[in-house]
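Going by the working numbering, the sequence shown opens with residue 3, and the numbers climb by one from there.
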Amino acid sequence: MKNQKMEQNPLRKKRPRLPMKTLFFGIILCVFFMISLLRLSSLEAHWSSDEARWLLRSIDFKSAVKNGKFSETLIAYHPGVTTMWVSGLRTLFIEPSLNVL
3 MKNQKMEQNP LRKKRPRLPM KTLFFGIILC VFFMISLLRL SSLEAHWSSD EARWLLRSID
63 FKSAVKNGKF SETLIAYHPG VTTMWVSGLR TLFIEPSLNV L
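Here it is, written out as structure tokens:
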């Protein structure tokens, strides 16, 4: 009898809990948006010490691809080709007047 009264008490209802995956995804999403907001609010700023070098490399890379000189696209042996493709596309659309002699 006593157990039935406790179960029927509306003040003792259990709140539904979020699944762990949903909670984890929510935290990751919040962190992503906070980092994105910080970076997108200062796109004109250079955040890394070698960013100027990468911008110059991406201009060289874009110029080599544009002129069909694919052997010149290998500037240094490293896994930075994705960075050069993205930066090269960026300069193609954002700063089309940049060119390398």
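Beta carbons are placed, not taken as given, at the ideal position from N, Cα and C, and that holds for glycine. Because the structure is a prediction, the values reported are computed rather than measured.
| Check | Outcome |
| --- | --- |
| Per the contact definition of three or more C-beta pairs closer than 8 Å, is the region 52–64 in contact with the region 81–92? | yes |
| In chain order, what are the residue ranges of uninterrupted alpha helix (DSSP H) at least 4 long that sit wholly in the region 28–73? | 53–68 |
| So, ILE77 versus ARG59, is the Cβ gap smaller than 8 Å? | yes |
| Considering only residues of the same chain and omitting the five flanking positions on each side of ARG17, which have a CB-CB separation below 7 Å? | none |
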